[in-house]
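Take a look at the structure set out below.
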Amino acid sequence: MLIYTMPIIAAIIGWFTNYLAVKMLFHPREKVRILFWDVQGIFPKKHQVLAQRIGKLVAEDLLSVKDIQEILTQPDNISKINQSIEDKIENYLTETFPEKYPTLAFFVSDKLKGRVRDAMMKELETMGPEVMNETIENLESSLDIESFIKDRVSKFSLERMEQLIQGILASEFKFIEFVGGVLGFVIGSVQLAIVLISR
Numbered sequence: 009m010l011i012y013t014m015p016i017i018a019a020i021i022g023w024f025t026n027y028l029a030v031k032m033l034f035h036p037r038e039k040v041r042i043l044f045w046d047v048q049g050i051f052p053k054k055h056q057v058l059a060q061r062i063g064k065l066v067a068e069d070l071l072s073v074k075d076i077q078e079i080l081t082q083p084d085n086i087s088k089i090n091q092s093i094e095d096k097i098e099n100y101l102t103e104t105f106p107e108k109y110p111t112l113a114f115f116v117s118d119k120l121k122g123r124v125r126d127a128m129m130k131e132l133e134t135m136g137p138e139v140m141n142e143t144i145e146n147l148e149s150s151l152d153i154e155s156f157i158k159d160r161v162s163k164f165s166l167e168r169m170e171q172l173i174q175g176i177l178a179s180e181f182k183f184i185e186f187v188g189g190v191l192g193f194v195i196g197s198v199q200l201a202i203v204l205i206s207r
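Now the structure itself:
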């Protein structure tokens, strides 16, 4: 009867092997000495390398300062920015200005406020693109996206990193464990067939 349990035993071994392999991606978090070998989970061991690779990937292939510039200078985004600024100016002229300077506000008509707002918006439309380009150029020289992302990722705790990766790949890890069980069962079945044929 023991022979006929070979597929089940092989399936359990296959599942457990893959389960252990998945666990060893993250554990042990700290280096452990076992006989002559230092054992540590792959992600904890490669934490800093991973942070560097992610930073380089983001900076070179996903998001650069020029990408930010293109996004900000799109007509729709410029229109939204201008509208937001116009709303702020309008709010200042109608609410903040009268509160801060009530006497002066008494002599400023709504028509004059409108002219001030329109003049400021006209000036903004003229100077805005130039100021934005200068700001982005300064940003490009001062902002190192690769280092910024690398520092952020390297500061992730190992527990947090495990939660993130598990959250993204949980179903894939389960599938790997399942495949280990299935392959183990198939191999065990083949072994059983060989044993039965050879008897």
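Residue numbers (this note's numbering): 9 to 207.
Glycine is no exception: its CB is placed at the ideal position from the N, C-alpha and C atoms.
Remember, predicted model here, so these are calculated numbers, not experimental data.
A check of alpha carbon separations from residue 184 across 25, 68 and 16 identifies 25 as the nearest. Secondary structure note for residue 176: its alpha helix (DSSP H) is the uninterrupted segment 166 to 206. For the 7 Å CB-CB criterion, residue 196 and residue 23 do not form a contact.
Within the segment 25 to 68, the runs of beta strand (DSSP E) at least 3 residues long that lie entirely inside it are, in chain order, 40 to 42 and 45 to 47. About 4 Å separates the beta carbons of residue 192 and residue 19, which is inside the 8 Å limit, making them a contact pair.
Note on geometry: alpha-carbon atoms of residue 65 and residue 204 lie some 55 Å from one another.
A Cβ-Cβ distance of about 29 Å is found for the pair residue 177 and residue 15, leaving them out of contact under the 8 Å criterion. Of the candidates 48, 61 and 44, the residue whose Cα lies closest to the Cα of residue 154 is 61. Using a C-beta cut-off of 8 Å, the segment 73 to 86 makes no contact with the segment 161 to 176, since fewer than three inter-stretch Cβ pairs fall below that distance. The C-beta of residue 59 has 16 or more other C-beta atoms within 10 Å across all chains shown, which makes the residue buried. About 7 Å separates the Cβ atoms of residue 40 and residue 48, confirming a contact at the 8 Å cut-off.
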